[in-house]
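J.:
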Amino acid sequence: MRAGGEGSGRLTLALLLINFVIYVLFAILSRNPLVIDRRLLAIYGQYNLLVYRGLYWQLVTSIFLHANLLHILGNSLFLAIFGFRAEELFTRGQYLLVYFGSGLAGNLLTLLMGPSVVSVGASGAIFGLFGASTMYLRRAMNQSVFGALVYSMYLFILNAGANVNLIAHFGGLVFGLIAGLLMARARYA
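Mapping to my numbering: the sequence shown position 30 is 53, numbers consecutive.
(1) I'd like to check one pair, Y70 with V141: are the Cβ atoms closer than 8 Å?
(2) May I ask whether a heavy atom of the ligand ADP can be found less than 7 Å away from the beta carbon of Y159?
(3) Considering only the beta carbon of each residue, do T157 and A103 sit closer than 8 Å?
(4) Would DSSP call A26 helix, strand or coil?
(5) Buried or exposed for I86, going by 16 or more other Cβ atoms inside 10 Å?
(6) Please name the residue, chosen from I190, L127 and L152, that lies closest to S139 on a Cα-to-Cα basis.
(7) Which of helix, strand or coil does DSSP assign to Y79?
(8) Excluding the 5 residues flanking S125 on each side, which residues of the same chain have their C-beta closer than 6 Å to its C-beta?
(9) Just the Cα atoms here: how many angstroms apart are I66 and T84?
Structure representation (structure tokens):
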């Protein structure tokens, strides 16, 4: 564990719990444990037409909402993988800034460039944690390992399915990369 990070895992566990509780509540409202009702997704997810009409809170609520059981399980797995590591590297404030900043950056980029479909999930925020951790640790990594990590994320983004908001993934990743670079510069200055 690095001196700047707490490493307790509490933030990651809290986010996992919040996401899970929200999923369960929406599954109950949907009367379906496997898939969340489309009407609920349109209200609480990011639907660009509604955001442009003043429902700006969708830019935040959509980060905590997941479309189906596989979606929440997949995001939970990657949040655990990247979140626990990020907690070892960053202070609580830095972690939260990266997580929410990346999620919001991905959603804002989706708002500017995305189609008029409903977008939900924490993937942009999770990609941000990955990007920040990668940039923060790049000095300690072998160049080939760093390159392989960046290239693997590039391939993942390119090969994602049709229902994946690649714009949010990309926006979150870029925010995280920049945040990680700035935090590393501040630490090594």
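Quick reminder that beta carbons are idealized off the backbone N, C-alpha and C, glycines included.
As the structure is a prediction and not an experimental result, all values here were calculated from the model.
T.: In short, the structure shows the following:
(1) Position 118 of the sequence shown holds residue 141. Position 47 of the sequence shown holds residue 70. In contact: V141 and Y70 (Cβ atoms closer than 8 Å).
(2) The ligand ADP is not part of this structure, which contains no ligands at all.
(3) If you number the sequence shown from 1, residue 157 lands on position 134. If you number the sequence shown from 1, residue 103 lands on position 80. No, they are not a contact pair.
(4) In the sequence shown, residue 26 corresponds to position 3, counting from 1. Its pLDDT being 46, under 50, A26 is placed unreliably by the model, and the measurement read from it follows with that caveat. If DSSP states are grouped into helix, strand and coil, A26 belongs with coil.
(5) Working through the sequence shown from its first residue, we reach residue 86 at position 63. Burial call: buried.
(6) Position 116 of the sequence shown, counted from the first residue, corresponds to residue 139. Answer by Cα proximity: I190.
(7) Taking the first residue of the sequence shown as position 1, residue 79 is located at position 56. Reduced to three states, the DSSP call for Y79 is coil.
(8) What you label residue 125 is simply residue 102 of the sequence shown in a count that begins at 1. Cβ neighbours of S125 beyond the five flanking positions: G147, A148, G151, G195, F198 and G199.
(9) As a first step, residue 66 is located in the sequence shown; it is residue number 43 there, counting from the start. As a first step, residue 84 is located in the sequence shown; it is residue number 61 there, counting from the start. Rounded to the nearest angstrom, the two C-alpha atoms are 10 Å apart.
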